[in-house]
C-alpha cells in the first residue's frame with residue numbers, strides 16, 4: 105500500500121501527490137519518470153513499469169523514439 109507524503113492542490117482542480125510505495129500500483133492518469141534518450145526501460149523505476157505494464161510499454165516507447173526522435177531531446 106502506498107502512503108501519501110505530501111499533496112498539493114491547485115486552483116484549477118489539479119492535484120499533485122508525493123507518495124512512497126510501489127509506483128506501478130498507483131491509480132493515476134500518468135506516471136512521470138526520468139528516462140534516457142532511447143527510452144530503454146531496463147532497470148530501476150523504468151524496469152518496474154515495464155515489468156508491470158508488459159512488453160507493450162517498451163514497444164510503444166520504441167515507436168515514439170522512431171516517430172518523434174527530434175521531440176525527445178533534453
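Numbering (the numbering used here), first residue to last: 105 to 178.
Beta carbons are placed, not taken as given, at the ideal position from N, Cα and C, and that holds for glycine.
All figures in this text were calculated on a predicted structure; none of them were measured in a lab.
*Cα-Cα, which of 153, 160 and 163 is closest to residue 126?*
153
*Hey, residue 160 and residue 150 are a contact pair by Cβ (cut 8 Å); roughly how many whole angstroms apart?*
Contact flag wrong, Cβ pair sits at about 14 Å.
*Does DSSP put residue 164 in a helix, a strand or coil?*
helix
*According to the Cβ coordinates, are residue 106 and residue 124 closer than 8 Å?*
yes
_Integer-rounded CB distance, given that residue 165 should sit under 8 Å from residue 143_ = 4 Å
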